[in-house]
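Some notes on the structure that comes next.
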Amino acid sequence: MFDTALTFNDLMFMLKGAGVTLSVTAFAVVGGTLLGLFFGVLRSQISPWAALPLTFVLDIFRSVPLLIQLILANAFQAIAGWGISPFVTSCIVLALYTSAYCTEIVRGAIEAVPSVTRRAARSLGMTWGQDLTQIVFPMALRVGLPSWIGLTLGVMKDSALVMWLGIIELLRSSQILVTRLQEPMFILLVTGAIYFALSFPIARLGSRLEKRWQEND
Numbered sequence: 001m002f003d004t005a006l007t008f009n010d011l012m013f014m015l016k017g018a019g020v021t022l023s024v025t026a027f028a029v030v031g032g033t034l035l036g037l038f039f040g041v042l043r044s045q046i047s048p049w050a051a052l053p054l055t056f057v058l059d060i061f062r063s064v065p066l067l068i069q070l071i072l073a074n075a076f077q078a079i080a081g082w083g084i085s086p087f088v089t090s091c092i093v094l095a096l097y098t099s100a101y102c103t104e105i106v107r108g109a110i111e112a113v114p115s116v117t118r119r120a121a122r123s124l125g126m127t128w129g130q131d132l133t134q135i136v137f138p139m140a141l142r143v144g145l146p147s148w149i150g151l152t153l154g155v156m157k158d159s160a161l162v163m164w165l166g167i168i169e170l171l172r173s174s175q176i177l178v179t180r181l182q183e184p185m186f187i188l189l190v191t192g193a194i195y196f197a198l199s200f201p202i203a204r205l206g207s208r209l210e211k212r213w214q215e216n217d
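This is the structure:
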């Protein structure tokens, strides 16, 4: 048994931080996925020149470190006097950051669908919307799911950066306990175990879906 000063209340403090991590991650992934679906479909349907402004903006979110985006966004809203809380600011920035990567996943998955399949759908009298929802999306989902799962897990770990805005999420709560209890190894082991417990079901769900689709083929 470990001889530790970590108490039940300390563990609850860490789990509360884990709840904040989950909340930020969920908002970022859901919001970023919805935006990514819209932008990805848009980019796959219009010419590269017409998509250039959107591509440029998304490249900014993919190229500038997330920490810089968080700090600048929080500073800008404070200067502008919008009164947005750091938590909401973090969720918005992470959603936009996620959407930039999700857009490329969606675009790549859609473009991976053979064009002959789409032409066949049109020859059967399907509309553009029917072709997209009944033919393209189901096939593209199989292509893009592994990358989307990886993106989701990455966003969960990147959400630790919101601590720089004063938000006490999982990693920040562990740092507070390390400073107070002076037990870095044990507390970080517990923190890693909690991150694993949050991430493992998502990874397994993705693997199970992929396996089920392969069995149905």
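Here the UniProt record's numbering is used: the first residue of the sequence shown is 1, the next is one more, and so on.
Backbone N, C-alpha and C fix where the C-beta goes; we use that ideal spot for every residue, glycine too.
From a predicted model like this one, the values you see are computed outputs, not experimental measurements.
### Query
Over what stretch of residues does the alpha helix (DSSP H) that includes Ser63 continue unbroken?
Mapped onto the sequence shown, residue 63 falls at position 63. From DSSP, the alpha helix (DSSP H) with Ser63 extends over 52-63.
### Contact check, Ala109 vs Gly144, beta carbons under 8 Å
The residue given as residue 109 occupies position 109 in the sequence shown. The residue given as residue 144 occupies position 144 in the sequence shown. For Ala109 and Gly144, yes; Cβs fall inside 8 Å.
#### Entry: Coil, strand or helix - Trp49 by DSSP
In the sequence shown, the residue the question calls residue 49 occupies position 49. In the structure shown, Trp49 sits in coil (DSSP, three-state: anything other than H, G, I, E or B).
### Query
Any idea if Thr21 is buried or exposed, counting beta-carbon neighbours within 10 angstroms, 16 or more meaning buried?
Locating residue 21 in the sequence shown gives position 21, where the first residue counts as 1. Its Cβ being crowded by 16 or more others within 10 Å, Thr21 is buried.
### Message
On the criterion of 16 or more Cβ atoms from any shown chain inside 10 Å, does Met1 qualify as buried, or is it exposed?
### Response
Numbered from its first residue, the sequence shown carries residue 1 at position 1. Its pLDDT being 49, under 50, Met1 is placed unreliably by the model, and the measurement read from it follows with that caveat. Classification of Met1: exposed, given that the 10 Å Cβ count is below 16.
### Task
Check Phe156 in the structure and name its three-state DSSP category.
By 1-based counting over the sequence shown, the position of residue 156 is 156. Sequence check: residue 156 is Met here, not Phe. The answer is helix: DSSP assigns Met156 an H, G or I state.
### Message
Once DSSP output is grouped into helix, strand and coil, what is the label at Asp3?
### Response
Residue numbering aside, residue 3 sits at position 3 when the sequence shown is read from its first letter. Three-state result, Asp3: coil.
### Message
Please list the terminal residues of the continuous alpha helix (DSSP H) segment that includes Ser85.
### Response
Position 85 of the sequence shown holds residue 85. Neither: Ser85 is in no alpha helix (DSSP H) and is coded neither H nor E.
### Task
Have a look at Leu11 and Gln175 and give me their C-alpha separation to the nearest angstrom.
For the purposes of this step, residue 11 is identified with residue 11 of the sequence shown, where counting begins at 1. For the purposes of this step, residue 175 is identified with residue 175 of the sequence shown, where counting begins at 1. Their backbone Cα atoms lie some 13 Å apart in a straight line.
### Task
Tell me whether Ala203 sits in a helix, a strand or coil according to DSSP, three-state version.
The sequence position of residue 203 within the sequence shown is 203, counting from 1. Residue state, collapsed to three classes: helix.
### Message
Here's a check: name, in chain order, each residue in its chain whose Cβ is nearer than 8 Å to the Cβ of Pro86, leaving out the five neighbours to either side.
### Response
If you number the sequence shown from 1, residue 86 lands on position 86. Counting only Cβ-Cβ distances below 8 Å, and skipping sequence neighbours, we find Asn74, Val162, Leu165, Gly166, Ile167.
### Proximity below 8 Å, CB of Trp49 to CB of Ile105
Translated into positions along the sequence shown, residue 49 becomes position 49. Translated into positions along the sequence shown, residue 105 becomes position 105. In this structure, Ile105 does not lie closer than 8 Å to Trp49 by Cβ.
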